[in-house]
Amino acid sequence: MDPKHTYCVIMAGGIGSRFWPMSRTACPKQFLDFLGLGRTLIQQTWDRFLPICPPENILVVTNERYASMVKEQLPDMADANILTEPLRKNTAPCVAYANHVISKRDANASIIVASSDHLVLKDAEFQGVIRLALQQAGTMDCIVTLGIRPNRPDTGYGYIQYGGEAGIPGVQRVISFREKPDHATAEKFVASGDFLWNSGIFIATAKGLHHAFAEHLPAMELRFAQGAASYGTPAERAFIAEAYSTCESISIDYGVMEKAKNVFVVPGDFGWSDLGTWGSLYTHVPKDAHGNAAIGALVRLHDCTNTMVHVQDDRLVVLQGLDDHIVVSTKDALLVVRKHDEQKIKQFVEQAGQEFGEKYV
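In this note's numbering, the protein residues as written are 76 to 436.
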């Protein structure tokens, strides 16, 4: 594994509406500091990959409206490494676009693809797993995904069934990808011992990705190949606008991963969460003796249990008598919802937008 041929693509185009009212269309969750660490999620992602590849080899793919935020939060990133999407077309076009841009620079590239808004608490362990996956991908020109050993039957994640060594110790063959299951099925997956959570992070060589797209999404591969002359030039933006207007909207998992034969997985345990909901954040932050998690300098809780509180500013917040709730306070909105009802937040956001305008969504 040669660092000069190692690249990272950070996908940063999502909205994160389930983290409302902090995460909004104008400033999605990847640009926010949820843990009070002084670094936003995208900044933490950047930091996490610097020991693995040089900064000039880290690219961000984001929506056009967020390019200035990326530049502001990652000032060391070259403008040419911020790839902007004119439309949201899910993750497959994003990966195909980045792969062609990188391939033009370096035909021998190995590429890590990761989201900008995940939580990783054990960076050293994470980097070790990434290096193992890079070794496997470089040896076989295959796709290697990172799987998380499940500690509970979670219905919010996709699962990877695995079995059989792949030659390099610690790497396993993927048998199948499974969509987010119901609770009973998730319990069976965890009890079987041969299922992992799908982290959505994967590693492949540029050549391996070209082959996979050519086999499983040939029209998309051809479309982005037609832009080879424009990448890295002023003509790139116009080409991408045209390409995105015609290409299929599909995820990399559904379009490529679930169909490819040469897919492997490295099981890991590095304190990972996709931070999809306030509830997922709750499981990873410190709690008091009553199971309460409070982020905010001036939060005071009385007779509360198993409650998540996040206060964005320095206001004093005093709560009494809450059990199993989520409370989020921002400068212009307050959310109080039962934890088991948090899937309704997206619905609440849509209603707020219709009634009070886009300012609040």
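Cβ coordinates follow ideal geometry from the N, Cα and C atoms, glycine included.
Do residue i and residue j have their C-beta atoms closer together than 9 Å?
i: Trp272; j: Arg206; result: no
i: Ile177; j: Trp121; result: no
i: Ser355; j: Asp363; result: no
i: Ala316; j: Pro161; result: yes
i: Gln202; j: Ala241; result: no
i: Arg312; j: Ala171; result: no
i: His385; j: Gly371; result: yes
i: Ser98; j: Gly91; result: yes
i: Gln119; j: Ser190; result: no
i: Gly330; j: His291; result: yes
i: Val145; j: Gly222; result: no
i: Tyr232; j: Ile250; result: no
i: Asp328; j: Phe264; result: no
i: Ile133; j: Cys169; result: no
i: Thr352; j: Gln418; result: yes
i: Phe288; j: Gln301; result: no
i: Val246; j: Ala208; result: yes
On the CB-based measure, 16 or more other CB atoms within 10 Å of its CB, does residue i come out buried or exposed?
i: Gln422; result: exposed
i: Phe68; result: The shown model of the chain, from 76 to 436, leaves out residue 68, and the question about it has no answer.
i: Trp158; result: The amino acid occupying residue 158 in the given sequence is Leu; Trp does not appear at that position. Flag for Leu158 reads buried.
i: Arg227; result: exposed
i: Ser320; result: exposed
i: Leu344; result: Checking the sequence shown, residue 344 turns out to be Asp, not Leu. It is exposed - the Cβ of Asp344 has fewer than 16 other Cβ atoms within 10 Å.
i: Lys164; result: buried
i: Ala173; result: buried
i: Glu296; result: buried
i: Gly239; result: exposed
i: Arg375; result: exposed
i: Ser143; result: exposed
i: His415; result: exposed
i: His258; result: exposed
i: Leu409; result: exposed
i: Ala261; result: buried
Could you tell me if the beta carbon of residue i falls within a distance shorter than 8 Å of some heavy atom in the ligand GTP?
i: Pro78; result: Annotation note on the ligand GTP: not contained in the displayed structure, which lists no ligands.
Comparing alpha-carbon positions, which option in the options lies nearest residue i?
i: Pro342; options: Leu397, Val204, Leu394; result: Val204
i: Ile401; options: Gly428, Ala368, Val145; result: Ala368
i: Ala155; options: Tyr306, Ile327, Gly366; result: Tyr306
i: Gly213; options: Gly231, Asp192, Ala184; result: Ala184
i: Pro130; options: Gly396, Ala153, Trp353, Asp388; result: Ala153
i: Gly396; options: Val411, Lys406, Thr380; result: Thr380
i: Thr387; options: His80, Gly346, Ser404, Asp416; result: Note that residue 387 is Gln in the sequence shown here, rather than Thr. It is Ser404 whose Cα lies nearest to the Cα of Gln387.
i: Glu425; options: Val195, Cys322, Val436, Asp416; result: Val436
i: His365; options: Ala335, Asp398, Glu333; result: Asp398
i: Asn138; options: Cys128, Ala101, Gly113; result: Ala101
i: Asp389; options: Lys406, Met383, Thr382; result: Lys406
i: Gly113; options: Gln148, Pro103, Ala310; result: Gln148
i: Asp450; options: Cys128, Leu110, Lys334, Asp151; result: Residue 450 lies beyond the stretch modelled for the chain, which goes from 76 to 436, so this question has no answer here.
i: Arg140; options: Thr308, Pro103, Leu410; result: Pro103
i: Leu284; options: Gly268, Lys336, Glu323, Thr260; result: Lys336
i: Thr308; options: Lys179, Asp151, Val136; result: Lys179
i: Val195; options: Arg248, Ser274, Thr260; result: Ser274
i: Lys334; options: His175, Ser324, Ala310, His286; result: His286
i: His175; options: Val136, Ala266, Glu433; result: Val136
Assuming residue i and residue j make a contact with CB atoms under 8 Å, what is their CB distance in whole Å?
i: Val338; j: Ile218; result: 5 Å
i: Leu467; j: Leu394; result: Any question about residue 467 goes unanswered here, given that the chain covers just 76 to 436.
i: Thr116; j: Leu125; result: Inspection of the sequence shows that residue 116 is occupied by Leu rather than by Thr. About 15 Å separates the two Cβ atoms, so there is no contact after all.
i: Ser326; j: Thr81; result: About 24 Å separates the two Cβ atoms, so there is no contact after all.
i: Thr230; j: Lys255; result: 6 Å
i: Asp216; j: Thr280; result: 5 Å
i: His193; j: Trp347; result: 7 Å
i: Phe270; j: Ile235; result: 7 Å
i: Arg123; j: Ile420; result: Arg123 to Ile420, Cβ: 28 Å. No contact.
i: Tyr357; j: Met332; result: With a Cβ gap of about 29 Å, Tyr357 and Met332 do not count as contacting.
query: Curious, which full-length alpha helix (DSSP H) runs of at least 4 residues does the region 102-137 contain?
result: 116-124
- request: Counting only runs of 4+ residues fully inside the region 305-366, write out the alpha helix (DSSP H) ranges in chain order.
  value: Inside the region 305-366, DSSP marks whole alpha helix (DSSP H) runs of 4 or more residues at positions 311-321, 353-357, from first to last along the chain.
Every unbroken alpha helix (DSSP H) within the region 158-245, with a cutoff of 4 residues, ordered by chain: 166-180, 198-215
- prompt: Which runs of the beta strand (DSSP E), 3 residues or longer, sit entirely within the region 398-434?
  reply: 400-404, 409-413
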